[in-house]
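Numbering (the numbering used here), first residue to last: 48 to 464.
Positions of the beta carbon are idealized from the N, C-alpha and C atoms, including for glycine.
Please read these numbers as outputs of a predicted model, since none were measured by experiment.
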Ligand SMILES: Cc1ncc(COP(=O)(O)O)c(C=O)c1O
């Protein structure tokens with residue numbers, strides 16, 4: 048790409064806010080500042096339009112009808128799967144399984160691959176940074192099979208201790224499952240390094256990409272991961288649709304997760320045989336609209352360029368960190384090394400409870416998240432119950448960050464010691 052192209056694309060990103068209708072809302076006489084994209088992202092008009100297009104023009108069940116409308120919806124549905132494949136550079140659309148989201152993708156893996164492959168002498172390595180979604184399904188597997196869960200510890204800056212990880216690895220390790228980016232501390236984890244070390248002992252790797260895929264260019268072949276889970280709603284797509292990527296050979300060997308229509312080959316009263324990938328894992332009428340609209344969200348992100356998205360968030364995070372660091376009453380959690388963190392910043396304001404802070408900011412029309420961010424064990428480890436978290440996406444600007452700073456000053460006037 049030439050310098051001019053890069054500049055044009057970056058400036059396209061700078062003015063992107065206008066394309067997100069919800070960001071044009073005014074509440075309490077103030078324009079909304081949305082700083083909670085780690086929870087869910089806003090949707091651009093073209094993604095919303097795609098949903099209307101589907102329900103207005105070719106709403107029909109997929110893979111079943113011989114009539115034109117069904118063939119149209121099937122074509123759009125399959126095209127979306129190809130867009131996902133290309134987006135993460137998977138080898139085949141057989142490796143792309145539609146799920147309800149990251150949570151369901153991980154549960155699918157724990158139930159299907161876990162039940163078939165894990166026994167009481169096996170170990171699964173997770174990290175102390177995990178979201179409950181990449182913790183509870185493995186705890187449930189451990190309860191079913193007796194396998195042991197081990198945890199890569201983090202240092203005081205929520206960075207994984209790779210030397211400790213190396214000590215945990217052994218021939219008992221069957222899976223290493225970790226997030227690409229922490230939702231509560233912002234840490235960007237070294238996916239390639241963790242994966243290569245796991246493969247050295249013959250273990251498989253699952254990356255929880257819920258926070259990673261929306262913000263970074265992903266190439267599953269280059270990363271060499273075995274499984275990757277992510278959610279459409281955090282990347283400008285709709286809720287209720289997500290992806291489990293898996294190496295074809297592994298998915299092929301795994302038993303189905305749910306049984307029902309579509310995933311079968313032949314059905315008898317007593318038994319059935321199953322169809323191949325990817326439909327083997329997609330029983331029943333799928334989220335057709337969700338998949339098609341996710342495809343449009345991917346087209347939108349591709350137009351912006353994932354490298355530009357990461358660059359934009361990097362700069363915004365740097366700006367915000369620098370501003371927050373000037374406030375003595377603020378303690379930032381996570382690393383200050385910007386190469387090791389993404390655009391989710393957790394902090395504590397001395398003397399103000401995170402929920403009170405979030406409420407004051409809400410009165411200024413600034414949306415942040417307060418709570419444990421579905422990482423209760425990590426909060427416990429840091430000796431806190433909750434943090435305030437500001438998280439960014441493509442549409443956030445320096446003006447948004449300045450509004451956050453003004454809101455914090457107001458909270459200080461009301462609650463400050
Ligand atoms: C790191 C991480 N993993 C998993 C999830 C679960 O995603 P979903 O609720 O879309 O299934 C989230 C959601 O916030 C997350 O941040």
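### Task
Could you check which residue in 174, 168, 257 has the C-alpha nearest to that of residue 218?
168
Which stretch, first to last residue, makes up the beta strand (DSSP E) that contains residue 239?
Residue 239 -> not in any beta strand (DSSP E); alpha helix (DSSP H) instead, spanning 238-247.
On the criterion of 16 or more Cβ atoms from any shown chain inside 10 Å, does residue 315 qualify as buried, or is it exposed?
exposed
(Q) Taking 8 Å as the threshold (beta carbon to beta carbon), is residue 327 in contact with chain B? (A) Looking for chain B here will not work: only one protein chain is present.
Measure the Cβ-Cβ separation of residue 330 and residue 309 and say whether it is below 8 Å.
yes
Notebook entry, point to check: According to DSSP, is residue 176 helix, strand or coil?
Noted result: coil
Item to check | Cut-off 7 Å between Cβ atoms - residues of its own chain near residue 51, not counting five sequence neighbours on either side | outcome: Any reading at residue 51 must be qualified, since the residue scores a pLDDT of 47, below 50, and its modelled position is unreliable; the value itself is stated next. If we look at residue 51 and ignore the five residues flanking it on each side, it has no Cβ neighbours.
- [ ] Would you mind reading off the limits of the alpha helix (DSSP H) that contains residue 450?
- [x] 445-462
Query raised in the report: Around the Cβ of residue 318, are there at least 16 other Cβ atoms within 10 angstroms (buried) or fewer (exposed)?
Result: exposed
Below 8 Å, can you find three or more Cβ-Cβ pairs linking the region 83-98 to the region 338-346? yes
Determine the DSSP secondary structure at residue 62, reduced to helix, strand or coil. coil
- Query: Can you check whether the CB of residue 405 is closer than 8 Å to the CB of residue 438?
  - Reply: no
#### Entry: Cβ-Cβ distance between residue 67 and residue 158 below 8 Å
no
Practice task
Pull up the DSSP beta-bridge partners for residue 418, would you.
Solution key: 434
**Report entry** Proximity winner among 134, 339, 180, relative to residue 268 (alpha-carbon distances)
**Finding:** 134
Between the C-alpha atoms of residue 225 and residue 325, what's the straight-line distance to the nearest angstrom? 24 Å
- Task: Return the CA-CA distance between residue 200 and residue 424, expressed in angstroms with no decimal places.
- Result: 12 Å
key: Backbone secondary structure at residue 218 - three-state DSSP   = coil
Local conformation of residue 266 per DSSP, three classes = coil
| Quick one, are the C-beta atoms of residue 291 and residue 144 less than 8 Å apart? | yes
Practice task
Look at the Cβ atom of residue 396, then the Cβ atom of residue 458, and state whether they are nearer than 8 Å.
Solution key: yes
Alpha carbon of residue 129 to alpha carbon of residue 140, nearest angstrom: 6 Å
Q.
Starting from residue 293, trace the alpha helix (DSSP H) in both directions and tell me its first and last residue.
A. Residue 293 -> not in any alpha helix (DSSP H); beta strand (DSSP E) instead, spanning 289-293.
Which residues in the same chain as residue 223 place their Cβ atom closer than 7 Å to its Cβ, once the five residues preceding and following it in sequence are excluded? 172, 241, 245, 250, 252
Buried/exposed call for residue 113, threshold 16 Cβ in 10 Å: exposed
Exercise for the section: Give every residue of the same chain whose Cβ lies closer than 6 Å to the Cβ of residue 119, excluding the five residues on either side of it in the sequence, and list them in chain order. Expected result: 105
query: Where residue 182 and residue 154 are concerned, what is the direct C-alpha to C-alpha distance, given to the nearest angstrom?
result: 10 Å
For residue 170, three-class secondary structure by DSSP | strand
request  = Within its chain, find whatever has a CB closer than 7 Å to the CB of residue 81; leave out the 5 residues flanking it on each side and keep chain order.
outcome  = 70, 89, 414
Bridge partner(s) assigned by DSSP for residue 224 = 253
Tell me whether residue 67 sits in a helix, a strand or coil according to DSSP, three-state version. coil
inquiry  = Let me confirm a value: residue 426 is counted as buried when at least 16 other C-beta atoms fall within 10 Å, else exposed. Which label applies?
reply    = buried
Inset, instruction - Could you please give the first and the last residue of the uninterrupted alpha helix (DSSP H) stretch that includes residue 358? - result: 353-372
Within the same chain, show all residues whose beta-carbon is closer than 7 Å to that of residue 417, passing over the 5 residues directly before and after it, in chain order. 401, 402, 404, 405, 433, 435
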